[in-house]
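Oh and the sequence shown: position 48 is 48 in the UniProt record's numbering, straight run, nothing missing. Don't be surprised by glycine CBs; every beta carbon is placed ideally from N, CA and C. Predicted model, so just to flag it, every value in this text is computed and none were measured. Here is the structure we will look at, set down as structure tokens.
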Amino acid sequence: MVRQPLTPEQIEAGRRLGALLRQARAGRDLAEVAHAAGISPETLRKIETGRLPSPGFGTIVCLGEALNVPLQELAATWRGSDLPLEAAS
Numbered sequence: 001m002v003r004q005p006l007t008p009e010q011i012e013a014g015r016r017l018g019a020l021l022r023q024a025r026a027g028r029d030l031a032e033v034a035h036a037a038g039i040s041p042e043t044l045r046k047i048e049t050g051r052l053p054s055p056g057f058g059t060i061v062c063l064g065e066a067l068n069v070p071l072q073e074l075a076a077t078w079r080g081s082d083l084p085l086e087a088a089s
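As structure tokens, this is what we get:
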């Protein structure tokens, strides 16, 4: 299966998500957060900088748990809205 290239909107969504995760990490060590989420520090670095704009769902769930960021907030950031998921439907 060939993966389709990401759209500019998806790339921008990844940048927003990365910025939120970087902000949530604040003063915590990148390697510490990556370990808590079960991913490599390089993967977290790529997500935070937007070089990996479309991380796997499980990765995002684990990062949200490690950083105490609700999944709804992560989804709203990715969508580019502050609306809860129910309100966006």
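Inset, instruction - Look at the Cβ atom of residue 78, then the Cβ atom of residue 6, and state whether they are nearer than 8 Å. - result: For this step, residue 78 is matched to residue 78 along the sequence shown. For this step, residue 6 is matched to residue 6 along the sequence shown. Contact: no.
Inset, instruction - Please confirm if the region 21 to 38 is in contact with the region 58 to 68, defined as three or more CB-CB distances below 8 Å between the two stretches. - result: yes
Legend entry - Option in 23, 50, 42 with minimal Cα separation from residue 8: Within the sequence shown, residue 8 is the residue found at index 8, counting from 1. Nearest option by C-alpha distance: 50.
Inset, instruction - Return yes when the Cβ of residue 11 is within less than 8 Å of the Cβ of residue 55, no when it is not. - result: For the purposes of this step, residue 55 is taken as residue 55 along the sequence shown, with counting starting at 1. For the purposes of this step, residue 11 is taken as residue 11 along the sequence shown, with counting starting at 1. Cβ distance not < 8 Å, so residue 55 and residue 11 don't count as in contact.
Legend entry - Spatial distance of residue 95 from residue 74 (CA atoms): Outside the displayed span of the chain (1 to 89) sits residue 95, for which this structure offers no information.
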